[in-house]
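Chemist:
Residue numbers (the numbering used here), protein chains in the order written: chain A, -4 to 269; chain B, 235 to 552.
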């Protein structure tokens, strides 16, 4: 606990992340106005008591839309991390356990998957099936796979050389049992840190994709889409470009600080260098 | 070294082939009838048949794939369905915007990141270091397209100094063209610079602890000279690797930023092609971009091995 209090970054990161998650969960039960509710009479209204962040070109309440956008961001980024870890971790663990051609095949698959940034996958999926939130999830998820596979493989290779793995081998345990009982539990910390960072990258990627119209579709609220619409009114109401961007930046900042702080906490040797 | 190069080149070729195959399957086999996708639901059977014949879609898929691959190897990327011009020419024309934009962004981000990173490392633990680290942490979190919008608000809407979008064209002269690329390049460069500055700081800190730096200091070299002559040049090798790995982010960033600033580059081309359902252009551009990422990573790997002999003696991957 003492070391926790000495990490202001970790505390700030945890607070920002808690605010993001809290806002997203709250939006499921309550927002000041329904995020999609239009009120043309109130269009482009400046911030007031009734609308703390003002309204957009359709008179929609910006605060309610930012809150709803938080939920959308979290769902897309979280499922994309689950896809990346769900496929990447077993692949990396398999490559480390089997070595040889299996390792080679997994590494080549990694090279290939690295060649497709989330944006390129999203472009292809959209050209094929039209835009939508599921496309964004798949595209970001595909990009996460090699990240987790590389990390797991690299760290697992080192663990396979350790004495406790040798002991398990002597006890006649198979590759699969050793991986599940000894390798993966030792990688948990590392994977949690990486998942936090990929979660942050996922929020950034989702925002880019929905800004470009490749992500979640109207009337569902999304930060990227809000910024896209704000650009049309940038001369009349430049403030519309402020709040969704601030929400993205604070969420990503929070998750990155949380990831860095957790890494320091789990591996104090790294602290001095960072 | 030769073995390493051969292995790495073979892996590069396999990766490129798999990438083309996947793009072909996704964009030409999975849609069922690409002609129907391109013409939409209202097209008559005759028009569909004519387009299928024009695109060679009446031939079997493996033959089409090999023709496409062979064409690309000889610089023939096919003809755009909507623009009715060769795709190669279209891409070359758009690259006149995208390439200078990306290069400008790389130059800007490096020019900012390396001095800032070295400065922070030299002042490690001091308030200046903490301030730099805090700023870079924020820089990493700011999405480039939002930064682009904020730059438009300040420099175009409020101050009226620079255009909010569009491209003057190189025919209008170098300065008007560069003026249209300035804000987009800054929007791309700053988040990249934040990442690079953090990497530079931590690698300089690592090299400062090396024996050769200690020896240089013991021989009477001042801390500044030891830093710039010994620590920084060695620290830049991993920085270049990270720049290579960041290349795919830069590429994606360029596509997004071109759309923010309405620049007629490759990023705009890809979105216009999606809107017009021009699958031929989408297919070619996606493959070109993916191949660029693969080749840049290959070059970085090889350069790294040339600079660091320990790596090429290893297994050749990792």
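Built from N, CA and C at the ideal position, the CB exists for glycine as well.
Have a look at residue 189 of chain A and residue 465 of chain B and give me their C-alpha separation to the nearest angstrom.
Modeler: Approximately 29 Å, taken between the alpha carbons.
Chemist: With respect to the alpha helix (DSSP H) encompassing residue 538 of chain B, which residues constitute its N-terminal and C-terminal limits?
Modeler: It spans 513 to 541 - the alpha helix (DSSP H) in which residue 538 of chain B sits, taken as one unbroken run.
Chemist: Do residue 419 of chain B and residue 338 of chain B have their beta-carbon atoms positioned less than 8 Å apart in this structure?
Modeler: Closer than 8 Å, so yes.
Chemist: Let me make sure I understand the geometry here. Which of B:258, B:289 and B:323 has the alpha-carbon closest to that of residue 296 of chain B?
Modeler: For residue 296 of chain B, the nearest C-alpha among the options comes from B:258.
Chemist: Starting from the Cα of residue 323 of chain B, find the closest Cα among B:309, B:341 and B:250 and give me that residue.
Modeler: The candidate whose alpha carbon is nearest that of residue 323 of chain B is B:309.
Chemist: Here's the rule I'm using: 16 or more other beta-carbon atoms within 10 Å means buried, otherwise exposed. How should residue 236 of chain B be labelled?
Modeler: Residue 236 of chain B should be labelled exposed.
Chemist: In terms of alpha-carbon separation, which member of B:427, B:478, B:305 and B:314 lies closest to residue 373 of chain B?
Modeler: That would be B:427, whose Cα lies nearest to the Cα of residue 373 of chain B.
Chemist: Is residue 175 of chain A close to chain B, meaning its C-beta is less than 8 Å from at least one C-beta of that chain?
Modeler: No, its Cβ sits nowhere closer than 8 Å to a Cβ of chain B.
Chemist: Can you tell me the Cα-Cα spacing of residue 553 of chain B and residue 238 of chain B, whole angstroms?
Modeler: Residue 553 of chain B is absent from the model: chain B starts at 235 and stops at 552.
Chemist: Less than 6 Å between C-beta atoms, sequence neighbours within five positions excluded: which residues of the same chain meet that for residue 261 of chain A?
Modeler: Closer than 6 Å at Cβ, skipping near neighbours: 184.
Chemist: Step through the CB atoms of chain A and report whether any lies within less than 8 Å of the CB of residue 249 of chain B.
Modeler: Output row for residue 249 of chain B: interface = yes.
Chemist: Which same chain residues, not among the five before or five after residue 253 of chain A, have their C-beta less than 7 Å away from its C-beta?
Modeler: Contacts found: 5, 8, 9, 12 and 191.
Chemist: Between the C-alpha atoms of residue 453 of chain B and residue 444 of chain B, what's the straight-line distance to the nearest angstrom?
Modeler: For residue 453 of chain B and residue 444 of chain B, the distance between alpha carbons rounds to 15 Å.
Chemist: Evaluate residue 178 of chain A with the Cβ neighbour count: other Cβ atoms within 10 Å of its Cβ, from every protein chain shown; 16 or more gives buried, anything less gives exposed.
Modeler: It counts as buried.
Chemist: When DSSP labels each residue in this structure, what does residue 320 of chain B get in the three-state scheme?
Modeler: Strand at residue 320 of chain B.
Chemist: In chain order, which alpha helix (DSSP H) runs of at least 4 residues are fully inside the segment 200 to 227 of chain A?
Modeler: Runs found: 218 to 227.
Chemist: Give the single residue among B:449, B:417, B:470 and B:456 whose Cα lies nearest to the Cα of residue 492 of chain B.
Modeler: Closest option to residue 492 of chain B, Cα to Cα, is B:417.
Chemist: What residues from the segment 119 to 137 of chain A come within 7 Å of chain B, judged by C-beta to C-beta, listed N to C?
Modeler: Listed by position along the chain: 119, 121, 122 and 123.
Chemist: Can you find the residues in the same chain that come closer than 7 Å, C-beta to C-beta, to residue 273 of chain B, ignoring five residues on each side of it along the sequence?
Modeler: Once the five neighbours on either side are set aside, the close Cβ partners of residue 273 of chain B are 281, 282 and 285.
Chemist: On the DSSP bridge assignment, give the partners of residue 443 of chain B in chain order.
Modeler: BP columns for residue 443 of chain B are empty, so no partner.
Chemist: Note down the Cα distance separating residue 175 of chain A from residue 195 of chain A, rounded to an integer number of angstroms.
Modeler: For residue 175 of chain A and residue 195 of chain A, the distance between alpha carbons rounds to 28 Å.
Chemist: Cutting at 7 Å between CB atoms, please list the residues of its own chain near residue 240 of chain A, excluding the five before and the five after it.
Modeler: Correct list, in chain order: 222.
Chemist: Sort A:166, A:126 and A:134 by Cα distance to residue 110 of chain A and report the nearest one.
Modeler: The shortest C-alpha separation from residue 110 of chain A is found at A:134.
Chemist: Short check: CB of residue 354 of chain B to CB of residue 241 of chain B, under 8 Å?
Modeler: It is not a contact, given that the beta carbons lie outside the stated cut-off.
Chemist: Closer than 8 Å by beta-carbon distance: list the chain B residues that pair up with residue 178 of chain A, in chain order.
Modeler: Simply none; closest approach about 18 Å.
Chemist: Along the alpha helix (DSSP H) that carries residue 80 of chain A, what are the first and last residues, could you check?
Modeler: Element bounds for residue 80 of chain A: 57 to 93.
Chemist: Taking the CB atoms as reference points, tell me whether residue 208 of chain A and residue 217 of chain A lie closer together than 8 Å.
Modeler: It is not a contact, given that the beta carbons lie outside the stated cut-off.
Chemist: For residue 599 of chain B, list the residues DSSP reports as bridge partners.
Modeler: Outside the displayed span of chain B (235 to 552) sits residue 599 of chain B, for which this structure offers no information.
Chemist: Can you check DSSP and say which residues form a bridge with residue 50 of chain A?
Modeler: Beta-bridge pairing links residue 50 of chain A to A:56.
Chemist: How about residue 314 of chain B and residue 499 of chain B: do their beta carbons lie closer than 8 Å?
Modeler: Going by C-beta atoms, residue 314 of chain B is not nearer than 8 Å to residue 499 of chain B.
Chemist: Quick check on residue 32 of chain A: does DSSP put it in helix, strand or coil?
Modeler: Three-state DSSP puts residue 32 of chain A in coil, outside helix and strand.
Chemist: In chain order, what residues of the segment 229 to 243 of chain A put their CB closer than 7 Å to some CB of chain B?
Modeler: Cβ contacts with chain B: 229, 230, 233, 236, 240 and 243.
Chemist: Nearest to residue 220 of chain A by alpha carbon, out of B:537, B:494, B:289 and B:267?
Modeler: Nearest C-alpha to residue 220 of chain A: B:494.
Chemist: Can a CB atom of chain A be found closer than 8 Å to the CB of residue 506 of chain B?
Modeler: For residue 506 of chain B, the answer is no, since every Cβ of chain A falls outside 8 Å of its Cβ.
Chemist: When you compare each of B:366, B:376, B:509 and B:359 to residue 351 of chain B by their alpha carbons, which one comes out closest?
Modeler: Among B:366, B:376, B:509 and B:359, the Cα nearest to that of residue 351 of chain B is on B:366.
Chemist: Quick one: what does DSSP say residue 108 of chain A is sitting in, helix, strand or coil?
Modeler: Helix.
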